[in-house]
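Since the structure comes first, as structure tokens, the remarks are kept for the end.
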Amino acid sequence: MAKDLNYVCTECGATHSKWSGRCDACGAWNTIQEEAPLTAGPGAKALGAHRGRKIALTDLASTPEAPPRTMSGVAELDRVLGGGLVAASALLVGGDPGIGKSTLLLQAAARFGRNRLKVIYVTGEESAAQVQMRAQRLGLTDSPVTLAAETNLRDILTTLDAERPDLVIIDSIQTMWSDKVEAAPGSVSQVRTAAHELTTFAKTRGIAVIMVGHVTKEGTLAGPRVVEHMVDCVLYFEGERGHQFRILRAHKNRFGPADEIGVFEMTGRGLAEVKNPSALFLSERDTATPGSVVFAGIEGTRPILCEIQALVSPAQPGQTRRSVVGWDGGRLAMILAVLESRCGISFAGLDVYLNVAGGLRIGEPAADLAVAAALISAREDAALPVDCAIFGEISLSGAVRPVAQLENRLKEAAKLGFTQAILPQRPKRRAGTEMAAGLDLREMRDLPGFVDT
Ligand code: TYD
Ligand code: MG
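In terms of UniProt numbering, the sequence shown is residues 1 to 453.
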């Protein structure tokens, strides 16, 4: 019988009946790979033995206990996990190669080991000796962690079944291969099968599993996207290679808030926690500079102040550039359009560069007003006061809209020595109650009003 081949997108996991250069589902280019179909086991067509038993939701009330959690003791990690590692959960830690995933997980393994979890660290990328050397460099040699250098999934599962650890770390999922499928390690079918087998095994045996997944743009390795919906938590480790800051961000978390971040610093002895990220993100800022604005943002449950920098320069005729690092390019285009049509401030014929300092990536629309301020400041070559924090969302009409967690933003600004804040107009009933002690508040109703002041 001729084998039917599937074509699968490595970005989103969508299946197609034929190959094409672009995935219809997610729009990514060059991500479609050939994949052998999953082979069904014997008797797959026969009806099962009532395994999919139904349970009324109300019957579950007898087991309302929260799953047990273990803290690593690294506050930045525990918070991103939603308050520690949940027993028998499956996690994916994604990130660019070389960003520090193995370092982070070896350090986490050591911490969990010291907190009396039985931890096995399976590496498919390095030899056990290499991991040992790294542990030595990180000062973790006395930690109770078992190492295994192995890529064959069947062998790994056999070991896990015998050892029954509490936590297993798989570094990385792209190097693992299962003999159930005929594809090469790193292909979509292998990554998917390996992740599925590991997750199911871990869940049935009560083992927590953390899988490392490399994100590559080349498409030679399957993107960990196909694994995202199988696991309970997806954490991404981000940062600029040239910067020492690393941000661990929860994209999905079944046991806690998503969008929570943990901030780390890569040092000569591994990753160090950053307890006060605002101070760090603003550390290189001391004098008032045109185009530089401090945005009082919220990441997850925590306020974070960061610097937004804009630069405006005359463009080459016929080729204006818009370049953004750390923010959404579409959102920048929108702010530029609002500035032009509502305030008469045109950026035509000008190159615009926008950068969020420190390698932070902002997703909040609350940064709109700060971005607008940075753009105007850069264009007019006029600096804003150094001790002024800004936040507020801008609508297409040019109105400045209120944002969530006003108080927390102002408190953080006050804590860091800021004396002024520009913010959306507060609702009437709260306008009188002074929230942030010592801050001089300037409330904005719309963008033209902001430009006039
Ligand atoms: P690594 O954890 O191997 O990255 P990944 O697993 O995501 O591919 O980290 C590799 C980088 O981290 C490497 O360029 C060196 C740097 N590094 C330090 O700066 N300090 C350290 O203590 C360690 C262990 C690594
Ligand atoms: Mg690694």
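Even glycine gets a Cβ: it sits at the ideal position worked out from N, Cα and C.
All of these numbers come straight from a predicted model, not from anything done at the bench.
Inset, instruction - Starting from T123, follow its DSSP beta bridges and name the residues at the other end. - result: Counted from its first residue, the sequence shown places residue 123 at position 123. Answer by DSSP bridge pairing, in chain order: A149, D171.
Inset, instruction - When you get a sec, list the residues whose CB is within less than 6 Å of any heavy atom of the ligand TYD, chain order please. - result: The answer, residue by residue, is G95, P97, G98, I99, G100, K101, S102, T103, R134, R137, L138, M266, G268, R269, G270.
Inset, instruction - Consult DSSP for Q309 and reduce its assignment to one of helix, strand or coil. - result: Along the sequence shown, one-based indexing puts residue 309 at 309. Three-state result, Q309: strand.
Legend entry - Helix, strand or coil at L89 [DSSP, three-state]: As a first step, residue 89 must be located in the sequence shown, where it is residue number 89. Just to set this straight, residue 89 is Ser in the shown sequence, not Leu. When secondary structure is reduced to three states using DSSP, S89 falls in the coil class, being assigned neither helix nor strand.
Legend entry - 8 Å contact criterion, which W327 and L350 should meet: CB distance rounded: Along the sequence shown, one-based indexing puts residue 327 at 327. Along the sequence shown, one-based indexing puts residue 350 at 350. Contact doesn't hold; Cβ gap of about 18 Å is too wide.
Legend entry - Sub-8 Å separation of L85 and S72 beta-carbons: Residue 85 sits at position 85 when you count from the first residue of the sequence shown. Residue 72 sits at position 72 when you count from the first residue of the sequence shown. For L85 and S72, yes; Cβs fall inside 8 Å.
Legend entry - Reduced DSSP secondary structure (H/G/I, E/B, other) of H243: By one-based count along the sequence shown, residue 243 stands at place 243. If DSSP states are grouped into helix, strand and coil, H243 belongs with coil.
Legend entry - Where K54 falls, given that 16 or more other Cβ within 10 Å makes a residue buried: Sequence index remark: in the sequence shown, residue 54 carries index 54 (1-based). The residue is exposed, with fewer than 16 neighbouring Cβ atoms inside 10 Å.
Legend entry - beta-carbon E150 near the ligand MG non-hydrogen atom, thresh 7 Å: Looking up residue 150 in the sequence shown gives position 150. Using a cutoff of 7 Å, the CB of E150 does not count as near the ligand MG, since none of the ligand's heavy atoms is closer than that.
Inset, instruction - Using DSSP bridges, identify the partner residues of F255. - result: Here the question's residue 255 lines up with position 255 in the sequence shown. According to DSSP, which records beta bridges pairwise, F255 is partnered with nothing at all.
Inset, instruction - Note down, one range per segment and in chain order, each beta strand (DSSP E) of at least 3 residues found wholly within the stretch 322-396. - result: The beta strand (DSSP E) runs of length 3 or more contained entirely in the stretch 322-396 are, from start to end of the chain, 322-325, 350-356, 388-390.
Legend entry - Assigned secondary structure, residue 496 (DSSP; H/G/I helix, E/B strand, else coil): With the chain represented from 1 up to 453, any question about residue 496 goes unanswered, as that position is not in the structure.
Legend entry - Residue from A373, T320, R225 whose Cα sits closest to the Cα of A348: Here the question's residue 348 lines up with position 348 in the sequence shown. Of the candidates A373, T320, R225, the one whose C-alpha sits nearest the C-alpha of A348 is T320.
Legend entry - Beta-carbon gap between G392 and R379 smaller than 8 Å: Position 392 of the sequence shown holds residue 392. Position 379 of the sequence shown holds residue 379. Not closer than 8 Å, so no.
Legend entry - Three CB pairs or more closer than 8 Å across the stretch 202-212 and the stretch 156-172: Contact holds: three or more Cβ-Cβ distances are below 8 Å.
Inset, instruction - Over the uninterrupted alpha helix (DSSP H) stretch that includes H229, give me the two end residues. - result: The residue given as residue 229 occupies position 229 in the sequence shown. DSSP places H229 in no alpha helix (DSSP H); its state is neither H nor E.
Inset, instruction - Tell me whether the beta-carbon of R111 lies closer than 8 Å to the beta-carbon of V74. - result: In the sequence shown, the residue the question calls residue 111 occupies position 111. In the sequence shown, the residue the question calls residue 74 occupies position 74. A contact, by the Cβ cut-off of 8 Å.
Legend entry - Those residues which DSSP pairs with N6 across a bridge: Here residue 6 corresponds to residue number 6 of the sequence shown, with the count starting at 1. Answer is E35.
Inset, instruction - Specify the secondary structure class of P42 as computed by DSSP and reduced to three states. - result: Mapped onto the sequence shown, residue 42 falls at position 42. The pLDDT assigned to P42 is 48, lower than 50, so where the model puts this residue is not dependable, and the model offers no usable value.
Inset, instruction - Report buried or exposed for N30, applying the criterion of at least 16 other Cβ atoms within 10 angstroms of its Cβ. - result: The residue given as residue 30 occupies position 30 in the sequence shown. If you draw a 10 Å sphere on the C-beta of N30, you find fewer than 16 other C-beta atoms in it, and that means exposed.
Inset, instruction - Spell out the partners DSSP gives M211 in its beta bridges. - result: Mapped onto the sequence shown, residue 211 falls at position 211. Partner(s): L92, I170.
Inset, instruction - Report yes if the C-beta distance between A90 and V145 is below 8 Å; otherwise report no. - result: Along the sequence shown, one-based indexing puts residue 90 at 90. Along the sequence shown, one-based indexing puts residue 145 at 145. Not closer than 8 Å, so no.
Inset, instruction - Could you check if K3 is buried or exposed, using at least 16 other CB atoms within 10 Å of its CB as the buried criterion? - result: Translated into the one-based positions of the sequence shown, residue 3 becomes position 3. Bear in mind that the predicted position of K3 carries a pLDDT of just 47, short of 50, making it unreliable; the figure below should be weighed with that in mind. Looking at its Cβ environment, which holds fewer than 16 other Cβ atoms inside 10 Å, K3 is exposed.
Legend entry - Proximity of V293 and A382 at Cβ, strictly below 8 Å: Here residue 293 refers to the residue found at position 293 of the sequence shown. Here residue 382 refers to the residue found at position 382 of the sequence shown. Between V293 and A382, the CB-CB gap reaches or exceeds 8 Å.
Legend entry - DSSP bridge partner residues for S292 (one or two, in chain order): As a position in the sequence shown, residue 292 is number 292, starting the count at 1. DSSP, once it has assigned bridges, lists Q309 as partnering S292.
Inset, instruction - Give a yes or no on whether the C-beta atoms belonging to G213 and Q244 are separated by under 8 Å. - result: Position 213 of the sequence shown, counting from 1, holds the residue named residue 213. Position 244 of the sequence shown, counting from 1, holds the residue named residue 244. In this structure, Q244 does not lie closer than 8 Å to G213 by Cβ.
Legend entry - Separation of W19 from G41, as counted between CA atoms: For the purposes of this step, residue 41 is taken as residue 41 along the sequence shown, with counting starting at 1. For the purposes of this step, residue 19 is taken as residue 19 along the sequence shown, with counting starting at 1. Below a pLDDT of 50, predicted positions are generally treated as unreliable, and G41, at 49, falls in that range; the measurement from the model is reported next regardless. Looking at the backbone, the Cα of G41 and that of W19 are separated by about 27 Å.
Legend entry - Selection from P385, A25, A148 that minimises the alpha carbon distance to E125: Locating residue 125 in the sequence shown gives position 125, counting from the first residue. Just measuring C-alpha positions, the residue of P385, A25, A148 sitting nearest E125 is A148.
Inset, instruction - May I ask which residues mark the beginning and end of the beta strand (DSSP E) holding A272? - result: Taking the sequence shown and counting its residues from 1, the one referred to as residue 272 is at position 272. Per DSSP, A272 belongs to the beta strand (DSSP E) from 270-273.
Inset, instruction - Give the range of the alpha helix (DSSP H) segment to which V263 is assigned. - result: Reading the sequence shown from its first residue, position 263 is the one you call residue 263. Careful: V263 lies outside any alpha helix (DSSP H), inside the beta strand (DSSP E) at 261-267.
Legend entry - Cβ-Cβ distance between R205 and V227 below 8 Å: Taking the sequence shown and counting its residues from 1, one reaches residue 205 at position 205. Taking the sequence shown and counting its residues from 1, one reaches residue 227 at position 227. It is not a contact, given that the beta carbons lie outside the stated cut-off.
Inset, instruction - Using 7 Å as the cut-off, classify the Cβ of E125 as near or not near the heavy atoms of the ligand MG, replying yes or no. - result: Taking the sequence shown and counting its residues from 1, the one referred to as residue 125 is at position 125. Because some heavy atom of the ligand MG lies under 7 Å away, the Cβ of E125 counts as near it: yes.
Inset, instruction - Can you grab the Cα-Cα spacing for the pair D59 / A87, in whole Å? - result: For the purposes of this step, residue 59 is taken as residue 59 along the sequence shown, with counting starting at 1. For the purposes of this step, residue 87 is taken as residue 87 along the sequence shown, with counting starting at 1. Using only the alpha carbons, I get a separation of about 23 Å.
Inset, instruction - Take S346 and list the residues in its own chain whose beta-carbon comes closer than 7 Å to its own, dropping the five residues that flank it on each side. - result: Looking up residue 346 in the sequence shown gives position 346. Scanning its chain for C-beta atoms nearer than 7 Å, with the 5 sequence neighbours on each side dropped, one finds around S346 the residues E340, in chain order.
Inset, instruction - Return yes when the C-beta of D328 is under 7 Å from any heavy atom of the ligand MG, and no when it is not. - result: Here residue 328 refers to the residue found at position 328 of the sequence shown. Every heavy atom of the ligand MG is 7 Å or more from the Cβ of D328, so no.
Legend entry - Host alpha helix (DSSP H) of E182 (start-end): On the sequence shown, residue 182 is found 182 positions in, with the first residue counted as 1. No alpha helix (DSSP H) holds E182; DSSP gives it neither H nor E.
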